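All remarks here apply to the structure that follows.
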Amino acid sequence: MIKKINFTVNGKKRELEINAGETLLEIIRKRLHLTGTKEGCGVGECGACTVLIDGTAINSCLYLGVWADGREIVTVEGLAKDGELSKVQKAFISEGAVQCGFCTPGFVITASALQSRGHSLTDIEVKEELAGHFCRCTGYQNIIKAVKKSLENETAGTGGDHT
Amino acid sequence: MYLIDDYIEADSVDEAVNLLADNPERLIIAGGTDLLIKMRDGILENVQMVGIRRIEPLRKIEKDEQNVISIGAMATFNDLVRSELVQNNIPIMAEAAMTVGGPQIREMATVGGNLCNGMPSADSAPALLVLNARLKLLSKSGVRLAPLQEFYLRPGKVDLRPGELLTEILISKEDYLNFGGCYIKFAPRKAMDLAILGVAVTCRIRVTGIFDLVRIALGVAGPTPLRCEIAENFPPGKPVNDSIIAEIGRLAVKSSRARDSQRASKEFREHLVVELTQRALKSACNRAGGISYD
Ligand code: FES
Ligand code: FES
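As you go down the protein sequences, you meet chains A and B in turn.
With my numbering as the guide, the letters of the first sequence map in order to residues 256 to 418.
With my numbering as the guide, the letters of the second sequence map in order to residues 129 to 422.
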């Protein structure tokens with residue numbers, strides 16, 4: 256069954272005809288060729304497929320494409336502005352939070368959602384907020400550091416970034 | 129790609145109910161976090177669906193003039209966690225909601241879906257059982273009110289009749305006012321895991337340090353979430369102290385129907401029932417006020 260959807264992806268309006276059974280993840284990767292968003296488990300456990308839907312971090316593998324009609328989607332490709340990486344992306348680089356990189360887009364998206372809430376979190380809170388993501392490489396320490404760095408008040412700290 | 133033959137997005141409760149009346153085979157999809165996994169595993173395929181995500185009234189959490197709390201079936205677990213009304217009146221629901229999956233799952237998964245798919249491990253069920261929740265089920269022939277306790281038939285099977293849509297979960301003030309409550313989920317991991325056992329306890333204490341009422345419900349201790357009537361009948365009129373609480377924990381096992389499973393043995397689950405009922409009851413006593421347990 257074919258359905259028509261209108262939605263915004265990384266600031267661009269899109270109109271697509273999709274199959275009712277297609278996931279948002281499939282649409283993003285196979286139709287829009289935005290392959291930054293990954294499929295790990297496909298069942299909502301690993302977080303590799305996380306995207307922002309109207310600003311909220313959601314697993315796109317468990318999200319039907321038809322639900323995206325009228326919504327605003329941001330994938331990892333949409334975070335950099337005018338060629339400049341976002342604060343979260345820079346923090347992941349400077350803290351060495353990336354190894355194979357498969358989990359990274361998901362973590363970066365969730366961290367971006369946390370950052371847009373505009374307040375810092377304790378270590379425990381950061382861990383709770385990241386509980387929907389798996390990383391098989393890093394052991395998480397640098398990811399947590401990177402997320403905390405992303406949440407530091409923009410005006411506080413004089414260290415600058417190391418990118 | 130899921131094998132969905134037909135999908136209609138209902139814009140209103142009436143439209144959803146009409147669609148179900150026309151074709152009772154139609155599956156309702158709420159948050160999708162369980163249903164889509166079943167479809168991926170091939171347990172369900174070639175289905176006809178009706179989506180109810182856009183029906184905003186189904187997501188409301190509110191209180192009426194009689195202080196009856198109504199939780200919309202499409203309220204997500206994060207809606208429950210964030211709701212001030214829930215935190216102030218039925219905090220045990222926020223506590224239970226917080227144990228579900230991880231943040232992304234809590235954002236999608238709904239309390240109505242959690243009940244209707246009938247999983248014995250549903251985290252919302254024990255908490256709603258001790259709150260004596262009633263379900264408002266709407267069909268073309270009208271509204272049916274069903275106590276949650278009678279809704280569970282067997283694993284994966286609930287008393288949702290053809291053409292019915294769960295719209296609201298109702299909790300009366302007699303079932304939450306002046307109660308203290310606590311939900312404890314036992315699972316190998318702190319997040320993203322199913323319960324090996326879930327224990328919900330609420331209690332009301334007389335100012336004199338005497339139990340007025342205790343309610344206990346267990347998840348994954350039997351084929352369906354269940355209440356522990358034998359243990360509940362014991363405390364009214366008895367003093368709030370360690371030995372009474374210990375006895376209540378032991379009595380809770382009498383209602384449990386735990387069995388060996390891949391995830392835990394019967395003996396281990398029963399041990400958990402005793403221990404966690406006591407712990408949850410102590411917290412519930414603290415929260416009910418007047419008593420201080422560490
Ligand atoms: S691919 Fe979506 S959570 Fe793993
Ligand atoms: S960097 Fe490899 S899975 Fe996280």
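Even for Gly, the Cβ is constructed at its ideal location relative to N, Cα and C.
Values in this document were obtained by computation on a predicted structure and should not be read as measured data.
Classification of residue i by the beta-carbon crowding that lies within 10 angstroms, buried from 16 upward
i, result
"B:Gln194", "exposed"
"B:Gln232", "buried"
"B:Pro254", "buried"
"A:Thr413", "Model confidence at A:Thr413 stands at a pLDDT of 42, short of 50, so the residue's coordinates are unreliable and nothing is read from them."
"B:Glu137", "buried"
"A:His388", "buried"
"B:Lys301", "exposed"
"B:Met129", "exposed"
"B:Leu281", "exposed"
"B:Cys331", "buried"
"A:Asn314", "buried"
"B:Thr108", "Residue 108 of chain B lies beyond the residue range present for chain B, which begins at 129 and ends at 422; the question has no answer from this structure."
"A:Ala323", "buried"
"A:Gln344", "buried"
"A:Thr410", "Confidence at A:Thr410 is low in this model, with a pLDDT of 47, below 50, so its placement is unreliable and no value can be given for it."
"A:Lys336", "exposed"
"A:Gln370", "buried"
"A:Gly310", "exposed"
Where residue i sits in the DSSP three-state scheme
i, result
"A:Asp309", "coil"
"B:Ala237", "coil"
"B:Asn174", "coil"
"B:Leu243", "helix"
"B:Gly377", "helix"
"A:Arg372", "helix"
"B:Ala349", "coil"
"B:Leu276", "helix"
"A:Lys258", "strand"
"B:Leu147", "helix"
"B:Arg391", "coil"
"B:Glu190", "strand"
"B:Asn217", "helix"
"B:Pro367", "strand"
"A:Gly299", "coil"
"B:Lys285", "strand"
"B:Gly270", "strand"
"B:Val228", "coil"
Distance CB(residue i)-CB(residue j) smaller than 9 Å
i, j, result
"B:Arg385", "B:Leu257", "no"
"B:Gly230", "A:Gly302", "yes"
"A:Gly333", "A:Val264", "yes"
"A:Lys259", "A:Ile273", "yes"
"B:Leu148", "B:Ile156", "yes"
"A:Thr359", "A:Ala352", "yes"
"B:Ala345", "B:Leu325", "no"
"B:Thr405", "B:Ile376", "yes"
"B:Arg262", "B:Ile218", "no"
"B:Ala113", "B:Asn306", "Any question about residue 113 of chain B goes unanswered here, given that chain B covers just 129 to 422."
"B:Pro364", "B:Val342", "yes"
"B:Ala328", "B:Ala224", "yes"
"B:Gly170", "B:Ala201", "no"
"B:Val141", "B:Leu186", "yes"
"A:Asn397", "A:Glu327", "no"
"B:Pro283", "B:Met247", "yes"
"A:Val381", "A:Leu340", "no"
"B:Gly291", "B:Lys268", "yes"
"B:Thr295", "B:Leu259", "no"
"B:Leu293", "B:Ala144", "yes"
Delimiting residues of the alpha helix (DSSP H) encompassing residue i
i, result
"A:Leu271", "That residue, A:Leu271, is in no alpha helix (DSSP H); its beta strand (DSSP E) goes Lys267 to Asn274."
"B:Thr405", "Lys394 to Ala416"
"B:Leu263", "No alpha helix (DSSP H) holds B:Leu263; the beta strand (DSSP E) holding it covers Arg262 to Ser267."
"A:Ser405", "Gln396 to Leu406"
"B:Glu137", "Where B:Glu137 is concerned, there is no enclosing alpha helix (DSSP H), although the beta strand (DSSP E) it sits in stretches over Ile132 to Glu137."
"B:Leu126", "This structure cannot speak to residue 126 of chain B, because chain B is shown only from 129 to 422."
"B:Ile183", "Careful: B:Ile183 lies outside any alpha helix (DSSP H) and carries neither H nor E."
"B:Leu164", "Leu163 to Arg168"
"A:Asp378", "Asp378 to Glu384"
Range covered by the beta strand (DSSP E) that runs through residue i
i, result
"B:Leu257", "Careful: B:Leu257 lies outside any beta strand (DSSP E), inside the alpha helix (DSSP H) at Ser252 to Val258."
"A:Leu287", "Element bounds for A:Leu287: n/a, residue is neither H nor E."
"B:Leu155", "Leu155 to Ile157"
"B:Ser198", "Ile197 to Gly200"
- request: Tell me the start and end of each unbroken alpha helix (DSSP H) in the segment 327 to 367 of chain A that is at least 4 residues and wholly inside, in chain order.
  value: 342 to 349
message: Could you tell me which whole beta strand (DSSP E) segments of length 3 or greater appear in the segment 290 to 362 of chain B?
response: 293 to 299, 308 to 314, 325 to 334 and 338 to 347
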